[in-house]
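S.K.: With my numbering applied, the sequence shown corresponds to residues 623 to 897, in that order.
Beta carbons: idealized from backbone N, C-alpha and C, even for Gly.
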Amino acid sequence: MQKQSEDAHLRQGEKRSPAELRTIFGLNLRKLAENFASIADLTRQLGINRTQFNRYLAGESFPRPDVLDRICRFFDIDARILLEPVDDIRLSQERSANGVLTDFLGLQSASVSEELFPTGFYRFARRSFINPDDFVTGLLHITRQGTQTSLRGYETTAAMRTQDLPTHPQTRVFGGLVFRQENGIAIFAARRNAMTSSFNYLTRVASFENNFWVGYVTRTVGEDAVGTRATRLVYDYLGTEFRSALQARRQAGFCKVDDLSPFQRRLLRPDEPFA
């Protein structure tokens with residue numbers, strides 16, 4: 623009943639006290655923090671003092687404008703985080719993001735079922751775009767809000783350095799949308815404010831635990847760019863528990879073909895050119 627009363631209070635546009643607004647902000651931050659291993663890990667990535675962040679969570683304090691901007695950019699959400707429940711903000715963003723999918727690809731494309739592509743952590747592996755003798759592995763996370771399925775992960779520090787790019791977490795983070803295709807799924811992803819992006823296409827393959835997807839990834843560069851523009855890609859589902867993804871997180875980065883698992887090597891077919 624209290625939740626219904628609060629919702630009605632917001633809908634009616636009544637004036638809210640600073641304490642009420644701080645409470646909304648704190649609840650929103652708690653919800654946004656759910657996908658992180660710990661508050662300590664989150665504050666480290668945000669570059670915010672842990673004690674001050676706890677005051678935000680408790681509804682005791684508002685952030686300065688520059689800190690609020692950092693939080694909004696990190697979570698890819700707008701400043702309504704101060705005023706509205708985060709689920710309502712995400713719903714409006716979802717409608718906007720899914721508009722092209724539903725208008726041109728059909729309603730079914732925007733709805734990716736758990737059976738088709740489960741929520742949770744995935745390890746990916748592919749050949750390096752820049753150096754064909756190297757391979758890249760990494761960790762990413764799939765989440766859902768309503769009918770929208772989203773991807774989030776981090777470029778490795780080594781990969782950013784190879785491209786002479788900053789290695790700050792806010793620069794390394796990438797995100798994307800997942801949508802359904804007839805025989806699999808497609809993902810459009812990019813780093814925040816990056817001038818290039820990538821397109822992934824994946825289909826599930828038969829395996830012991832039914833947890834592998836294989837396909838390819840392309841990057842949006844011209845023919846004269848250094849390196850390759852498309853290569854095979856493998857996703858390995860690790861489950862929903864963060865501890866199950868810790869090893870993949872520690873091992874993320876560049877490696878050689880012999881460092882890949884036998885099944886990854888089998889799916890990536892490193893000795894066969896990508897056609």
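Name the residue from Thr778, Pro892 and Thr769 whose alpha carbon lies nearest to the alpha carbon of Arg794.
M.R.: Against the sequence shown, residue 794 aligns to sequence position 172. With distances taken between Cα atoms, Arg794 lies closest to Thr778.
S.K.: If you follow the alpha helix (DSSP H) that Leu762 is in, where does it begin and where does it stop?
M.R.: If you number the sequence shown from 1, residue 762 lands on position 140. Not the alpha helix (DSSP H): Leu762 falls in the beta strand (DSSP E), residues Phe757 to Gln767.
S.K.: Determine the closest residue to His763 out of Arg745, Phe757 and Phe751, with distance taken between C-alpha atoms.
M.R.: For the purposes of this step, residue 763 is identified with residue 141 of the sequence shown, where counting begins at 1. It is Arg745 whose Cα lies nearest to the Cα of His763.
S.K.: Should Phe647 be labelled buried (16 or more other beta-carbon atoms within 10 Å of its own) or exposed?
M.R.: Your numbering for residue 647 matches position 25 in the sequence shown. That one is buried.
S.K.: Looking at Phe796 and the ligand HEM, is the gap between the Cβ and the nearest heavy atom below 7 Å?
M.R.: Here there are no bound small molecules, and the ligand HEM is not part of this structure.
S.K.: Of all the options Arg841, Arg686, Thr825 and Phe697, which has the alpha carbon lying nearest to the alpha carbon of Ile752?
M.R.: For the purposes of this step, residue 752 is identified with residue 130 of the sequence shown, where counting begins at 1. Nearest C-alpha to Ile752 among Arg841, Arg686, Thr825 and Phe697: Arg841.
S.K.: Around the C-beta of Gly669, are 16 or more other C-beta atoms found within 10 angstroms, so that it is buried, or is it exposed?
M.R.: Reading the sequence shown from its first residue, position 47 is the one you call residue 669. Gly669 is exposed by the Cβ-count criterion.
S.K.: Could you have a look at Leu738 and say whether DSSP puts it in helix, strand or coil?
M.R.: For the purposes of this step, residue 738 is identified with residue 116 of the sequence shown, where counting begins at 1. If DSSP states are grouped into helix, strand and coil, Leu738 belongs with coil.
S.K.: Considering only DSSP beta bridges, list what Asn822 is partnered with.
M.R.: Here residue 822 corresponds to residue number 200 of the sequence shown, with the count starting at 1. For Asn822, which the question treats as bridged, DSSP gives the partners Ile809 and Val839.
S.K.: Whose C-beta lies closer than 7 Å to the C-beta of Asn833 among residues of the same chain, with five residues either side of it excluded?
M.R.: Along the sequence shown, read from residue 1 onward, the residue named residue 833 stands at position 211. Around Asn833: Asp858 and Tyr859.
S.K.: Under 8 Å Cβ to Cβ from Lys878, same chain only, skipping five residues before and after it: list those, please.
M.R.: Numbered from 1 along the sequence shown, position 256 holds the residue referred to as residue 878. If we look at Lys878 and ignore the five residues flanking it on each side, its Cβ neighbours are Asp755, Asp756 and Phe757.
S.K.: How about Phe743 and Gly861: do their beta carbons lie closer than 8 Å?
M.R.: For the purposes of this step, residue 743 is taken as residue 121 along the sequence shown, with counting starting at 1. For the purposes of this step, residue 861 is taken as residue 239 along the sequence shown, with counting starting at 1. Cβ distance < 8 Å, so Phe743 and Gly861 count as in contact.
S.K.: Are the C-beta of Val856 and some C-beta of chain E separated by less than 8 Å?
M.R.: Absent here is chain E; the protein component of the structure consists of one chain.
S.K.: Val734 and Val800 - do their beta-carbons sit closer together than 8 Å?
M.R.: For this step, residue 800 is matched to residue 178 along the sequence shown. For this step, residue 734 is matched to residue 112 along the sequence shown. Cβ atoms of Val800 and Val734: closer than 8 Å.
S.K.: In the DSSP assignment, find the alpha helix (DSSP H) that holds Val689 and state where it starts and stops.
M.R.: Here residue 689 refers to the residue found at position 67 when the sequence shown is read from its first residue. Start and end: Pro687 to Phe697.
S.K.: Distance, Cα to Cα, Asn822 vs Arg749?
M.R.: To locate residue 822, count along the sequence shown from 1; it is residue 200. To locate residue 749, count along the sequence shown from 1; it is residue 127. Asn822 and Arg749: Cα-Cα distance of roughly 14 Å.
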